[in-house]
Each structure stands twice: as C-alpha cells, then as structure tokens.
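When you line the sequence shown up against the numbering used here, it's residues 1 to 383, in that order. For each residue, glycine too, the CB sits at the ideal point set by N, CA and C. Please read all numbers here as calculations on a predicted model, not as lab measurements.
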Amino acid sequence: MLWIVGGGLLAAAIAWQLRPEALDVQVAPAAIGTLRVTLEEEGVTRVRDHVEVAAPVTGRVEESRYEVGDSVRRGDVLARLHPAPLDPRTRTEAQALVAQAVSRAAEASAQLQQLRVALAEARRDLGRAQRLAAAGAIAERDLEQAGDLVHVREREVEAGAARVAAAREGERAARAALLGADPRGGSGTPVAVVSPIDGLVLRLYESHDRVVPAGTPLVEVGDPSRIEVVSDVLTRDAARIRPGMTMELRAASRAPLTAHVVRVEPAAFTKRSALGVDEQRVNVIGAFDGPVSGLGDAFELDVSVILWEGTRVLRVPSAALVPLDSGWAVFAVQAGRAHLTPVTLGERGAQEVEVKDGIAAGTSVILRPDERLKDGGRVRPIP
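Given below as structure tokens:
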C-alpha cells in the first residue's frame, strides 16, 4: 500500500516538473472611458472668397505697381493692358472672347440665383427645426445640423456673388479691349483691369511689362481673414463624414485649432499616392470655429476629423485582438490562465476598440499574443 502511495506521489512530482512553463505576457485592463474614432489626413488653408483676374484679350500688360500683400478695394486698377492691333482674324477672336465673357457672367448670375433659393430653403428648414426643437419633437443634433446648413448656404452665396462680380468685370474688360483696340496697328486705348472685390493681393502672376495672350492670369485677390480648411480624403472614408463634425487642426509652431465640417464636395477626383497608386479622393471643407491669425492661403495643416466619440465606452487596446473565423476574440487572464474569449466589437479608434459584449470592465487581456499562447495555457503577467 505504501509503495502505491509513494508511486502516486512520485508520478505527481514528475508531472509537476514536466508541466508547461508559464508564459510571460503583457496585459491591460478592459476599462470604461472615452473613445474617439478619427480620420487623419493632411489639409491646407484656402481663402474662401478669392478671384483670379485674367487678361481679357491679347495685349501688352504694363509693369505692375502692386506687390503680394498689398491691399486693394473693389474697382482699384490692378493692371493696364494695351490691346494688340486687330486684323479681321484677331477682331473675330476678340468678339468671341466678349461672347464668352457674357456667357460666363450670365451663368454665374444664374448659379447665384440658385444659391439664393437654396439659402432661403435652408432658412425655412431651420425655422421649422427650431419650432420642433422647442416642442421636444426633434433631437438637439438635428437642430444644430439645420443651423450648420444655413451657414454653408450663406458662404456659398457669398462665393457666388464674388464669382458674379468677377465675371461681370471680365465682360466689361473684354468689351473695353475690343472697343479700345486700334485697327490701324497703333497701341490703342489701354484697358484698365480692376479688382472685383475688396481684399489683398495673394498672388501676382505678371509683374513685368510684356505681351500676354488672352486668358493669362494676372493677379489673384482675396481676403486672408476669411479662410477655410480643405482636406482631400478617400471617397470610402468620406461616406462617414457629415456636416458639423469636429475637425482638430495642427499647424507648425502653433497651438491646436478647431473647425467643423461644412460640406463634402459632390465631385471626386483621381490623385496618385506616394506609393504610386491612383486613388479616388474628394475635398472636405471646414470652417474655423474662431478667429485665426498667422495663417494665410495654402498653409499646410494636419487634420483629424472626429467621426465618432463616446464618453462611457468599454474599450480594450487593439493589440489585444485575435481574429477568429466568426469574428474577434481576446485572451482574458483568470487565475493565472489565458482563456480565449469571443467578443463583439463596436467602434474602432486608432489604438483602442469598443467592446459591446464578451468581457466585463476590469478584465485583464493579453497584449500582442503570439502563437505559443493556447486557450487555457498558464501565463505570468509582467509589467
């Protein structure tokens, strides 16, 4: 009998010595807190209302008296153009340019009318939303979106009015150039090319005395205090972006700024990535939430669009996830052993994910589990 007991003890001792050694693992607790889902992209600032003034006809442009940064008022002469002598062919071309300018002015006016109609409709919708919100019939978020849409439509009308002013100035200059040209080959009457808006000279394309063809950009005018954010994103990401979403902005050597999404432009474009892959992208336009100083046109920004945010979310590090055929799991640590536990995931942040079901707050989960780790295996958590 004693030898049986002794044999059992010996066998138990041998089994203890041969048992699998506990794996050292790093763990983190499943915790309740704030989770953000963001889209990280690059962007630039852009003057919201800017106008590129071009030569209405072929001719010699005088040396500019302006420099970049100079202030101009609507009607100020930006350049003087001496139309080239007109023979029958060039006169026909000049007449065609006038017709094109008239068409552009008419098109801009029609677009502005459509924008004004859209603004009036947005204001009516906001009025209805305010009444419904007062009665508790809609969520506060719906009211905010209605207000954001009014702001979008107001900016579109402002930009449309600037385009109309520029188009009408182009028409006036084209007519003046046609009438001022000297058919006998002389220098003709100089045409004053004027600014259609108040602002600053943002870019000076032609600063020296030389002959330029019709349509050549001469000066770009805009108001740098009225800037917006432009960030191009992949079209598949743009599907999640909505007006009113918060944008966090970072520029070199300055405090972070915030803006909100105004609109996602309706037309996408193809852009080649740094890896040489053609991608379909679309511009997302944002408005700064407060006054901005020290930023001009085309300044680079790092942009984070907050797609979703929760304040009491059960979350675990993304490094704890293990793929399963039917979804995802984590290795939860209980009594010194790792247990493969299926979980239901919700939103995904940059480094953490939301867990909707499967584990409770406070559960320790293993980070970066390797192939040696088995369900039920012994583990030793390390700091």
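Contact belief for residue i with residue j at Cβ below 8 angstroms, rounded distance in angstroms
i      : j      : result
VAL201 : ALA173 : Rounded, the Cβ-Cβ distance is 18 angstroms, inconsistent with contact.
THR38  : ALA350 : 7 angstroms
ALA384 : ARG153 : The structure shown does not extend to residue 384, since the chain is modelled only from 1 through 383, so no value can be given for it.
GLU354 : LEU314 : 7 angstroms
GLY310 : ARG378 : Contact flag wrong, Cβ pair sits at about 35 angstroms.
ILE32  : ARG312 : 6 angstroms
ALA319 : LEU373 : So it is not a contact: roughly 13 angstroms between Cβ atoms.
C-beta contact flag for residue i and residue j at 7 angstroms
i      : j      : result
PRO196 : GLU169 : yes
VAL233 : GLU52  : no
GLY222 : VAL47  : yes
VAL264 : ALA238 : yes
GLU352 : PRO317 : yes
ALA101 : LEU218 : no
ASP24  : ARG226 : no
VAL333 : SER364 : yes
VAL343 : VAL44  : no
LEU97  : ALA255 : no
ALA146 : LEU132 : no
VAL157 : ARG123 : no
ALA287 : GLU228 : yes
ARG240 : LEU324 : no
ALA361 : ALA22  : no
Candidates the options, of which the one nearest residue i by Cα
i      : options                           : result
HIS260 : ILE285, ARG281, PRO224 and GLU220 : ILE285
ARG104 : LEU204, ALA165, ALA137 and GLY349 : ALA165
ALA251 : ILE227, ASP302 and GLU206         : ASP302
ARG175 : LEU314, VAL330, VAL72 and GLU93   : GLU93
TYR66  : GLU206, GLN114 and ALA84          : GLU206
LEU321 : ARG60, ILE366, PHE288 and ARG80   : ILE366
VAL68  : ALA54, ARG348 and GLY296          : GLY296
GLY346 : ALA129, VAL72 and LEU35           : LEU35
PHE269 : GLN113, LEU340, ARG155 and THR235 : THR235
ALA159 : ALA146, GLY310 and LEU112         : LEU112
GLY75  : GLN95, ASP148 and ASP198          : ASP198
ARG60  : ALA106, ARG210 and ILE138         : ARG210
SER64  : LEU97, ALA120, VAL72 and LEU204   : LEU204
ILE359 : TRP328, PRO243, ARG116 and VAL157 : TRP328
LEU143 : LYS356, VAL292 and PRO243         : PRO243
ALA267 : ARG281, ALA274 and LEU275         : ARG281
ALA79  : LEU307, THR216 and GLU21          : THR216
GLU171 : ARG272, ALA120 and ALA99          : ALA99
ARG163 : ALA106, ALA137 and GLY290         : ALA106
ASP369 : ASP357, GLY376, GLY362 and VAL330 : According to the sequence as given, residue 369 is Pro; it is not Asp. Taking only the C-alpha atoms, the option nearest PRO369 is VAL330.
GLU371 : ALA120, LEU249 and LEU340         : LEU340
LEU249 : PHE299, VAL72 and ASP70           : PHE299
ASP289 : ALA274, THR258, SER326 and VAL277 : THR258
GLY291 : ASP357, SER326 and PRO224         : The question names Gly, yet the displayed sequence has Pro at residue 291. Of the candidates ASP357, SER326 and PRO224, the one whose C-alpha sits nearest the C-alpha of PRO291 is PRO224.
DSSP three-state assignment for residue i, whether helix, strand or coil
i      : result
THR384 : Because the chain spans 1 through 383 in this model, residue 384 falls outside it and cannot be assessed.
GLN280 : strand
GLU67  : coil
GLN322 : Reading off the sequence shown, one finds Val at residue 322, where the question assumed Gln. Note: VAL322 maps to strand in three-state DSSP.
HIS151 : helix
VAL292 : coil
THR38  : strand
GLU169 : helix
VAL57  : coil
GLN334 : strand
ALA361 : coil
GLY185 : With a pLDDT of only 43 at GLY185, under 50, the local geometry of the prediction cannot be trusted, and no value is derived from it.
TRP16  : Interpretation of TRP16 is limited by its pLDDT of 43, a score under 50 that renders its predicted location unreliable; the figure taken from the coordinates is listed afterwards. Of the three classes helix, strand and coil, the one that applies to TRP16 here is helix, per DSSP.
ARG315 : strand
ARG236 : helix
ARG74  : coil
ALA162 : helix
ALA267 : coil
GLU121 : helix
ARG372 : coil
ALA137 : coil
GLY377 : coil
GLU21  : coil
Strand pairing of residue i, partner residues [DSSP]
i      : result
GLN26  : ILE382
MET247 : ALA259 and VAL305
ARG46  : GLU228
HIS339 : ALA332
GLU220 : GLU52 and ARG203
ARG80  : ALA192
Closer than 6 angstroms: residue i CB and nearest the ligand SAM heavy atom
i      : result
ARG226 : Within the structure as shown, the ligand SAM is missing, as the structure has no ligands at all.
CB contact below 7 angstroms: residue i versus chain B
i      : result
GLU248 : Absence of chain B from the displayed structure is noted, only one protein chain being present.
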